[in-house]
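Residue numbers (numbering that gives the first Met the number 0): 0 to 480.
We put the CB at the ideal spot given by N, CA and C, even for glycine.
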Amino acid sequence: MHKRIVLLLFALLLLSLLPAQNTLAINGLNEAQFVYRTAEDSLNAYFRNSFAINLSYRNFGFGLKYIAELPKYSTQQAELVDELNPNQLELGWKELYATYSKDAFYIHAGTMEESFGNGLSFRSYIDPEFDEDHRLDGFLLKYDDAYTFKAMYGAIESPESIGNYDLAYGADLLAPALYGMRFGASAVTYRTLGANVYNQRDVFSGRMQINGENLGAYAEYASSETYKQTGLPTDFGSAIYANADYSLGKLQLGAAYKKYTDFQYRLHDLAMANYHNETISDALPTGLDEEGWQARAAYSVTECLSVSTDYAEAWDSLKDKQMNDLYVAANWVKDNSLVEASFSHVEKADDAGSYWQKETTPAISLGLPVFAKQVYIKGEFKMAEKQIFAYKSEHYEPKIQADLSFGKLALSLGAQSNWEDFDAIMDSRYWAAVEAKYPVASHSDITIFAGKEAGGKVCRNGVCRYVSAFQGLKVELSTRF
Numbered sequence: 000m001h002k003r004i005v006l007l008l009f010a011l012l013l014l015s016l017l018p019a020q021n022t023l024a025i026n027g028l029n030e031a032q033f034v035y036r037t038a039e040d041s042l043n044a045y046f047r048n049s050f051a052i053n054l055s056y057r058n059f060g061f062g063l064k065y066i067a068e069l070p071k072y073s074t075q076q077a078e079l080v081d082e083l084n085p086n087q088l089e090l091g092w093k094e095l096y097a098t099y100s101k102d103a104f105y106i107h108a109g110t111m112e113e114s115f116g117n118g119l120s121f122r123s124y125i126d127p128e129f130d131e132d133h134r135l136d137g138f139l140l141k142y143d144d145a146y147t148f149k150a151m152y153g154a155i156e157s158p159e160s161i162g163n164y165d166l167a168y169g170a171d172l173l174a175p176a177l178y179g180m181r182f183g184a185s186a187v188t189y190r191t192l193g194a195n196v197y198n199q200r201d202v203f204s205g206r207m208q209i210n211g212e213n214l215g216a217y218a219e220y221a222s223s224e225t226y227k228q229t230g231l232p233t234d235f236g237s238a239i240y241a242n243a244d245y246s247l248g249k250l251q252l253g254a255a256y257k258k259y260t261d262f263q264y265r266l267h268d269l270a271m272a273n274y275h276n277e278t279i280s281d282a283l284p285t286g287l288d289e290e291g292w293q294a295r296a297a298y299s300v301t302e303c304l305s306v307s308t309d310y311a312e313a314w315d316s317l318k319d320k321q322m323n324d325l326y327v328a329a330n331w332v333k334d335n336s337l338v339e340a341s342f343s344h345v346e347k348a349d350d351a352g353s354y355w356q357k358e359t360t361p362a363i364s365l366g367l368p369v370f371a372k373q374v375y376i377k378g379e380f381k382m383a384e385k386q387i388f389a390y391k392s393e394h395y396e397p398k399i400q401a402d403l404s405f406g407k408l409a410l411s412l413g414a415q416s417n418w419e420d421f422d423a424i425m426d427s428r429y430w431a432a433v434e435a436k437y438p439v440a441s442h443s444d445i446t447i448f449a450g451k452e453a454g455g456k457v458c459r460n461g462v463c464r465y466v467s468a469f470q471g472l473k474v475e476l477s478t479r480f
């Protein structure tokens, strides 16, 4: 019934706009993906199609997306499908919204993506790379002029109880002040389903922004109170985040500070305050108990040569968990040639010394024209060490990648390995993969990936994203209109 109503409304909207086709704007995107993975899976083959369309006429906008996942593919490679069940089949309208905007006013009804400030107290978003959807379905009112005001009310399906919903509502105000300063405040309430009762979390925050000629700064403080928990006392939390950048000629300086205490929930986004966006512990989400700082600097030595460095530390209140993150790089760019040398270091200690890990990664990247073709080559050599109580292990992960193009065809070739030690190079695990991208039409691109990759952050053909471990074949067709 719901699908029929949506289709009827959509058809009526189209008919009402036909007399004014000269001012009607329609655009859309269709993404089709076929995946075949070589795993101990009873299906192996997956298909997904996403069709989105957006219409705008004068001050009105309308959009919807239809998604078919047959069945739904899990980004976790270890999650296998032995038997198909209805919960693994996704078919239907996943996004639907209508908007109205005039001058500084904006109204949005339906699926929304929005944030208050930098997202410390509230952010509604989707993360397709990790298959996480934290978008609200509801209403948003916005006024954006000298003053910026936002008010929202929405619902999101509960992760604990399928078919039930959590609620979120709140308001945010940002006001100008003297000397490029702006002050903001927000109040948000979350009602999440617990054991036969809705727990309530109230979050209040205040922030300050400075946008000067040489100085940019941001600072925010938030406090939360969670109550109505069955058999549990009221829970208090707080968060502090500050960031500043200063330009002094050829020298760029930056610093950040964070402190989060019992401040972790679904609809917000906390800054990591380190170069690699690392959490203080791989076993815990950020926001529970951590404090840290970050310092960074970049300097233009010449017109072609620049150097940069970024260092951060974080710890918990008991100093049981500690983390440090270092990144140093030098870049040389001239005409169509570039050279980049970098060094990364991430170290974590957990549970008062019972767990320790360290990853160091020197890398070098080259970009140069070869036979009138631009070729980009990157090589890195990660060295990983880990200790759990008295057991200690180490391994090496060399990786090389080449991106090149032949006319409209873009190719990315990669190889990666995992060595326990240098004596076992030939007996170690190896991953090799190739990705090809080609525009089959003026508004359509096809991308084919074949091979095996260990997962993590990858950059291919100018696009960077995080991927999970995968082995098999992926074919993607993207069409814009």
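Using a 10 Å radius around the Cβ and a threshold of 16 neighbouring Cβ atoms, would you call VAL187 buried or exposed?
buried
Between ASN43 and the rest of its own chain, which residues show a CB-CB distance below 7 Å, the 5 nearest in sequence each way excluded?
TYR35 and ARG36
Could you tell me whether the segment 110-128 touches the segment 78-86, using the rule of 3 or more Cβ pairs below 8 Å?
no
Selection from GLY109, LYS64, SER100 and GLU112 that minimises the alpha carbon distance to GLU89
LYS64
Reducing DSSP to helix, strand and coil, say where GLN87 ends up.
helix
Can you tell me whether GLU212 is helix, strand or coil according to DSSP?
Correct three-state label for GLU212: coil.
Would the segment 140-147 count as touching the segment 89-107 if we require 3 or more Cβ pairs under 8 Å?
Note that the segment 140-147 touches the segment 89-107; at least 3 beta-carbon pairs, one per stretch, sit closer than 8 Å.
Hey, quick one: how far does the beta strand (DSSP E) through TRP418 stretch, first residue to last?
Neither: TRP418 is in no beta strand (DSSP E) and is coded neither H nor E.
Around the C-beta of LEU408, are 16 or more other C-beta atoms found within 10 angstroms, so that it is buried, or is it exposed?
exposed
So, at 6 Å on beta carbons, what are the nonlocal neighbours of ASP315 in its own chain, with the 5 sequence-adjacent residues on each side left out?
ASP288 and GLU289
Report the start-end ranges of each alpha helix (DSSP H) in the segment 249-278 that is 4 residues or longer and not cut off at the edges.
none
Determine contact between the segment 306-314 and the segment 271-283, defined as no fewer than three beta-carbon pairs at a distance below 8 Å.
yes
Opening and closing residue of the beta strand (DSSP E) in which SER316 lies:
First-last for SER316: undefined, no H or E at that position.
Please go through the same chain and pick out, in chain order, the residues whose beta-carbon is closer than 6 Å to the beta-carbon of LEU410, but skip the five residues on each side of it.
Counting only residues of its own chain and dropping the five nearest sequence neighbours on each side, LEU410 has a CB closer than 6 Å to the CB of LEU403 and ALA435.
Taking the beta carbon of HIS267 as the centre, do at least 16 other beta carbons fall within 10 Å, making it buried, or is it exposed?
The Cβ neighbour count for HIS267, taken over all protein chains shown within 10 Å, is at least 16; the residue is labelled buried.
Based on the DSSP output, what are the partners of ALA176 in its beta bridges?
According to DSSP, which records beta bridges pairwise, ALA176 is partnered with nothing at all.
For the beta strand (DSSP E) that TYR361 lies in, which residues bound it at each end?
Strictly speaking, residue 361 in this sequence is Pro, with Tyr absent from that position. Here the beta strand (DSSP E) through PRO361 covers 354-369.
For ALA174, which residues from the same chain have a beta carbon less than 6 Å from its beta carbon, with the 5 sequence-adjacent residues on both sides left out?
TYR146 and PHE182
Comparing alpha-carbon positions, which option in GLY236, ASP234, GLU219 and ALA296 lies nearest GLN251?
ALA296
Separation of SER55 from GLN20, as counted between CA atoms
Bear in mind that the predicted position of GLN20 carries a pLDDT of just 45, short of 50, making it unreliable; the figure below should be weighed with that in mind. In a straight line, the C-alpha of GLN20 is about 11 Å away from that of SER55.
Can you check which of these residues, ALA184, ARG134 and TYR178, is closest to ALA167 by C-alpha distance?
ARG134
Beta-carbon spacing of SER246, SER222 below 7 Å:
no
Can you say whether THR301 is buried or exposed, counting buried as having 16 or more other CB atoms within 10 angstroms of its CB?
THR301 comes out exposed.
Determine the closest residue to SER305 out of ALA340, ASN335 and ASP334, with distance taken between C-alpha atoms.
ALA340
When you compare the CB positions of MET322 and LYS347, do they come within less than 7 Å of one another, or not?
yes
How would you label ILE4, buried or exposed, when you count the other beta carbons within 10 angstroms and need 16 or more for buried?
Note that ILE4 scores 44 on pLDDT, short of 50, meaning its location in the model is unreliable; the coordinates nonetheless yield the value given after this. The residue is exposed, with fewer than 16 neighbouring Cβ atoms inside 10 Å.
I'd like to know whether the C-beta atoms of ALA440 and ALA414 end up nearer to each other than 7 Å.
Contact: no.
Whole angstroms is fine: what's the gap from TYR298's alpha carbon to GLY406's?
If I take the Cα positions, the gap works out to 36 Å.
Might you give, ordered along the chain, the residues of its own chain that have their beta carbon closer than 8 Å to the beta carbon of ALA154, omitting 5 neighbours on each side?
LEU135, ASP136, GLY137, TYR164, ASP165, LEU166 and ALA167.
Endpoints, beta strand (DSSP E) assigned at GLY118:
Per DSSP, GLY118 is not a residue of any beta strand (DSSP E), being assigned neither H nor E.
Using beta-carbon positions only, say whether ALA294 and ALA254 come within less than 7 Å of one another.
yes
Use the C-beta contact count for PHE115: other C-beta atoms within 10 angstroms, 16 or more gives buried, fewer gives exposed.
buried
Measuring only the C-alpha atoms, how far is VAL369 from ILE376?
Each residue's Cα considered, the two are about 12 Å apart.
Quick one: what's LYS456 bridged to in DSSP?
TYR465
Mapping the DSSP letters down to three states, classify GLU128 as helix, strand or coil.
helix
So what does DSSP say about THR22, is it helix, strand or coil?
helix
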